[in-house]
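Shown next, in structure tokens, is the structure this report addresses.
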Amino acid sequence: MSPVVSVHLPRDRVTQSTQGYGFCEFQTPQDVQYAVQIMNMIKLFGKPIRVNMSAADRRTTQDIGAKLFIGNLDLSIDDKLLYDAFGAFGSMVQTPQIARDQLSGNSRGFAFVSYTTFEAADLAIQSMDGQYLANKPINVKYAFKKDAKGERHGSAAERMLAAEA
1248 MSPVVSVHLP RDRVTQSTQG YGFCEFQTPQ DVQYAVQIMN MIKLFGKPIR VNMSAADRRT
1308 TQDIGAKLFI GNLDLSIDDK LLYDAFGAFG SMVQTPQIAR DQLSGNSRGF AFVSYTTFEA
1368 ADLAIQSMDG QYLANKPINV KYAFKKDAKG ERHGSAAERM LAAEA
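Note that the sequence shown covers residues 1248 to 1412 in our numbering.
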């Protein structure tokens, strides 16, 4: 990794204590991707940390649409287990996102995984759809798009746009 350009730890306005997250700026996008791959889910003080690209950096890569829906998840599955299971297929845009109930924080039984390439997403679907994870067969397919009713990510048009980008 190259030298860090800057680090920012947001603080609570009243207590001035850190809010449990921070931002680290690197010199090149390649350094950012390397840091995400190496540091994500590393244990710090006994807890795995999440390392993602910031929202501004993710915009360009998330537009390619290599986003998967993982269904029928056992309620015991956590972010780390999902990351370990799906990280083998390629580089992820961010840590897998397990859908959780807003009140209880319990898993709702599904999650989303976003890859940097369609090839990685295709390989994950081919390898994991119907496989058992925590004693339950999981469903893996391209996620529905938010803005288009009934249309899934991974279409031929999206692949063509990603190839041109």
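Positions of the beta carbon are idealized from the N, C-alpha and C atoms, including for glycine.
Option nearest residue 1284 by Cα separation, candidates 1270, 1260 and 1300: Against the sequence shown, residue 1284 aligns to sequence position 37. Checked all of 1270, 1260 and 1300; the closest Cα to residue 1284 is 1300.
Cβ pair count under 8 Å reaching 3, the segment 1338 to 1346 against the segment 1381 to 1399: The segment 1338 to 1346, when compared against the segment 1381 to 1399, does not touch it at the 8 Å Cβ threshold.
Residue 1315: first and last residue of the uninterrupted beta strand (DSSP E) it sits in: Sequence index remark: in the sequence shown, residue 1315 carries index 68 (1-based). Where residue 1315 is concerned, the enclosing beta strand (DSSP E) starts and stops at 1314 to 1318.
Nearest to residue 1270 (by Cα), restricted to the options 1353, 1256, 1319 and 1318: Residue 1270 sits at position 23 when you count from the first residue of the sequence shown. Among 1353, 1256, 1319 and 1318, the Cα nearest to that of residue 1270 is on 1256.
Buried versus exposed, by CB contacts within 10 Å (16 or more), residue 1401: The count along the sequence shown starts at 1 and reaches residue 1401 at position 154. Here residue 1401 is buried, its C-beta having at least 16 other C-beta atoms within 10 Å.
Cβ neighbour criterion (16 or more within 10 Å) applied to residue 1320: For this step, residue 1320 is matched to residue 73 along the sequence shown. Burial check for residue 1320: the Cβ neighbour count within 10 Å reaches 16 or more, so the residue is buried.
Extent of the continuous beta strand (DSSP E) to which residue 1374 belongs: Residue numbering aside, residue 1374 sits at position 127 when the sequence shown is read from its first letter. Counting along the chain, residue 1374 falls outside any beta strand (DSSP E), though it belongs to the alpha helix (DSSP H) covering 1365 to 1375.
Three-state secondary structure (DSSP) of residue 1285: Here residue 1285 is taken as the residue at index 38 of the sequence shown, counted from 1. Of the three classes helix, strand and coil, the one that applies to residue 1285 here is helix, per DSSP.
Proximity winner among 1357, 1252 and 1366, relative to residue 1279 (alpha-carbon distances): Residue 1279 sits at position 32 when you count from the first residue of the sequence shown. Taking only the C-alpha atoms, the option nearest residue 1279 is 1252.
Cβ neighbour criterion (16 or more within 10 Å) applied to residue 1368: Numbered from 1 along the sequence shown, position 121 holds the residue referred to as residue 1368. So residue 1368 ends up on the buried side.
Coil, strand or helix - residue 1276 by DSSP: Within the sequence shown, the letter at position 29 stands for residue 1276. Note: residue 1276 maps to helix in three-state DSSP.
Residues near residue 1355 in its chain [Cβ-Cβ closer than 7 Å; skip 5 each side]: What you label residue 1355 is simply residue 108 of the sequence shown in a count that begins at 1. Counting only Cβ-Cβ distances below 7 Å, and skipping sequence neighbours, we find 1346, 1347 and 1348.
C-beta atoms of residue 1376 and residue 1388 nearer than 9 Å: Working through the sequence shown from its first residue, we reach residue 1376 at position 129. Working through the sequence shown from its first residue, we reach residue 1388 at position 141. In this structure, residue 1388 lies closer than 9 Å to residue 1376 by Cβ.
Where residue 1256 falls: helix, strand or coil (DSSP): The count along the sequence shown starts at 1 and reaches residue 1256 at position 9. Note: residue 1256 maps to coil in three-state DSSP.
Whole-angstrom distance between residue 1259 and residue 1265, CA atom to CA atom: For the purposes of this step, residue 1265 is identified with residue 18 of the sequence shown, where counting begins at 1. For the purposes of this step, residue 1259 is identified with residue 12 of the sequence shown, where counting begins at 1. Distance between the alpha carbons of residue 1265 and residue 1259: 6 Å.
Cβ-based burial, residue 1322 [other Cβ within 10 Å; buried from 16]: Locating residue 1322 in the sequence shown gives position 75, where the first residue counts as 1. Label assigned to residue 1322: exposed.
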